[in-house]
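Taking it in order: structure first as structure tokens, then the write-up.
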Amino acid sequence: MSQREWSTRLHLPTAGATALIVAVWSLLSWRYGAYVLPSPLSVVLGFAEIVGSGEVWRHTGASLARILVGFGGAVAAAIVMGLAAFVSRLARGLVHDALAILNATSVFVWIVISIIWFGLSNWAPIFTTFMITLPVVASNLVEGVADVDRRLLEMGDVYRLSGGEKFRAIVIPSTLPYLVAGMKVGFGLALKVSVVAEIFGVTSGIGYIMNYSRETLATQMVFVWALVMILVMMATDTLVFGSISRRLARWK
Amino acid sequence: MKLDVTGVGKDYLIPVLDTVTFRVEAGEFVCVLGPNGCGKTTLLRIIGGLEPATRGAVLLDGTPVVAGDAHDRKVGVVFQEDRLLPWMTLEANVALVLRPLGLASAARRAAARRYLALVGLVGFEAYYPGRVSGGMRQRAAIARALAIEPDVLLMDEPFGALDAQNRRIMQAEVRRIWKETGRTILFVTHAIEEAVALGTTLVMMSARPSRVRELIRNDGRVERGRLVDDLNTMIMEEVLRQQGGATLG
């Protein structure tokens, strides 16, 4: 591998910019004090502390568990909607309108409603995550279903493939990339939304602990948990969705 | 297998096919010729049962073709595009259409390999369609159509997307396959040289709304160059007629 490729792999410009930001950050932190802007060192130490104590797993695990239920439910519901849109023209119109309304609804609406309906429990962030990610995943899937190449389906008719055979050989492979793309965007959104919902009423999760850190004036821990969120997001992006996308694209 | 096209007509917003009647004996290689937009593809789709006719009927060995219903005679279709599934290997693409015939998985794969070999794709069985040339994809589509051992093979300008050289190679291949398998082939084209090089029977269509203008036996009694010239004259007349918008009386 040439030197040039190594430098792009290591993202040298990004590393340089990071060094600059850390330097400016240190200066500003020194100027304004640790409450407003904790120093880079205190954030690193805080991160080491929660990793050492295992606290990082407790709150990340709690957040991920809620996301798994809410987002998983949204994916399941989206698949049902996609199927309905595929088999029935009437359902297609209904799904289309329902998604337009859901897409236009603010996160805050669902947070408030979920607290009214489910009280201060796990179900509030789960429900909020479900309602916010459903339209994202379902819109993608419905679009994928509409984009199935009719000429390939006609080919299936010529060779008398059964409905099930056409579904497995043509419909599923052509909509899968849309589903994965929707899930990728949806998961990112789920992580961002569920932590907001966790501010209210639960006693675990990244959102809860960030808010708690703010209340106890431990600003460096707010930064630490933000860092944890970013790492979780990047890890799932490359490990989960990256490998799925590569598998799907192996014929390209 | 015998093919009877009796008084077939098709109206969209305008009438496209007026009344088309001709008969194809078993084992013939029929080329359907005509100006662009005269309904050649529509005719092929009606014969293949992909579209209903407005009038008339198509009979395969005496049994009418009903659009959307499975016929007891097997029909293979090669479209203008290859219509291969891009996420399946060439072998899997061919093997897929053998499923409804009730073959076991191993038998399907064996048949797929045999027909891919017939069209000269030995060694490319495990390739995805996106990794081979357009000519090879069209060959795979032909292998797929042949693999079901169709009673009639319908081909709709299958080489339209190929360059001149690949086109000539594919024409020779199809001619060879036809001789080896003895299938009845109906081949739609607007290229006169292609039709004369391939067909045993040439069906010359008129301008829209079209009928059969002339049915020519290409048995070598008329010299080829002469035939090409005659057909060129006919097609020019029909193109002009179609553009002039005049209908046949």
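Keeping their order, the protein sequence lines are chains U and F.
Under the working numbering, the first residue of the first sequence is numbered 1, with each subsequent residue one higher.
Under the working numbering, the first residue of the second sequence is numbered 253, with each subsequent residue one higher.
Backbone N, C-alpha and C define an ideal beta-carbon position, used for all residues, glycine too.
Sufficient close CB pairs (3 or more, under 8 Å) joining the stretch 74–82 of chain U to the stretch 149–160 of chain U
These segments do not touch.
Beta-carbon of Arg-151/U versus every beta-carbon of chain F: anything under 8 Å?
The beta carbon of Arg-151/U falls within 8 Å of a beta carbon belonging to chain F, placing the residue at that interface.
Taking Thr-341/F as the reference, give the member of Arg-383/F, Glu-445/F, Glu-333/F, Leu-370/F with the closest Cα.
Measuring from the Cα of Thr-341/F, the nearest candidate turns out to be Arg-383/F.
Which chain U residues are close to Tyr-380/F, counting only those with a beta carbon under 9 Å from its beta carbon?
What Tyr-380/F touches in chain U: Arg-250, Trp-251, Lys-252.
The ligand PLP heavy atoms versus the CB of Thr-18/U: any closer than 7 Å?
With respect to the ligand PLP, the structure offers nothing, as it holds no ligand at all.
Note down, in chain order, every chain U residue with its Cβ under 8 Å from the Cβ of Ile-400/F.
Think of a sphere of 8 Å around the beta carbon of Ile-400/F: the chain U residues whose beta carbon falls inside it are Tyr-159, in chain order.
For the stretch 228–247 of chain U, which residues have a beta carbon sitting closer than 9 Å to at least one beta carbon of chain F?
Hits within the stretch: zero.
Cross-chain neighbours of Ala-322/F in chain U, by beta carbon under 7 Å:
Result: Arg-160.
Can you say whether Met-407/F is buried or exposed, counting buried as having 16 or more other CB atoms within 10 angstroms of its CB?
Under the 10 Å beta carbon count, Met-407/F is surrounded by 16 or more other beta carbons and is classified as buried.
Could you give the C-beta distance for Gly-186/U and Ile-199/U, rounded to a whole number, given that I count them as a contact under 8 Å?
In fact, because the Cβ distance is near 21 Å, the residues do not count as touching under 8 Å.
Thinking C-alpha only, which one of Tyr-264/F, His-442/F, Gly-434/F is nearest Val-491/F?
Of the candidates Tyr-264/F, His-442/F, Gly-434/F, the one whose C-alpha sits nearest the C-alpha of Val-491/F is His-442/F.
Can you give me, in chain order, the residues of the stretch 164–182 of chain U that have a beta carbon less than 7 Å from any beta carbon in chain F?
Residues passing the 7 Å Cβ filter: Glu-165, Ala-169, Ile-170, Pro-173.
Going by alpha carbons, who is nearest to Pro-410/F out of Phe-331/F, Leu-336/F, Thr-271/F?
Between Pro-410/F and the set Phe-331/F, Leu-336/F, Thr-271/F, the nearest pair of CA atoms involves Phe-331/F.
Is there contact here, the stretch 104–116 of chain U with the stretch 43–57 of chain U, by at least three beta-carbon pairs under 8 Å?
By the Cβ rule, the stretch 104–116 of chain U does not count as touching the stretch 43–57 of chain U, because fewer than three pairs are nearer than 8 Å.
Between the C-alpha atoms of Val-448/F and Gly-375/F, what's the straight-line distance to the nearest angstrom?
Spanning the two alpha carbons is a distance of roughly 33 Å.
Find out if the Cβ-Cβ distance for the pair Pro-125/U, Ser-194/U is shorter than 8 Å.
A contact, by the Cβ cut-off of 8 Å.
Determine the direct distance from the alpha carbon of Asp-415/F to that of Arg-476/F, and round the result to whole angstroms.
Cα to Cα, Arg-476/F sits roughly 23 Å from Asp-415/F.
In angstroms, rounded to a whole number, what distance separates the CA positions of Thr-190/U and Ala-84/U?
One point to set straight first is that residue 190/U is Ala, not Thr, in the sequence displayed. Distance between the alpha carbons of Ala-190/U and Ala-84/U: 24 Å.
Scan the stretch 298–352 of chain F and note each continuous beta strand (DSSP E) run of 3 residues or more that stays entirely inside, going in chain order.
Taking only runs of at least 3 residues, the beta strand (DSSP E) segments lying wholly in the stretch 298–352 of chain F are 307–312, 327–330.
Please report whether the beta-carbon of Leu-269/F lies at a distance below 8 Å from any beta-carbon of chain U.
Not one chain U Cβ lies under 8 Å of Leu-269/F.
Alpha carbon to alpha carbon, what distance is there between Val-327/F and Leu-405/F?
Taking the straight line from one Cα to the other gives about 6 Å.
Say whether the stretch 55–68 of chain U touches the stretch 228–241 of chain U, bearing in mind that this needs 3 or more beta-carbon pairs closer than 8 Å, one atom from each stretch.
Yes: at least three Cβ pairs fall under 8 Å.
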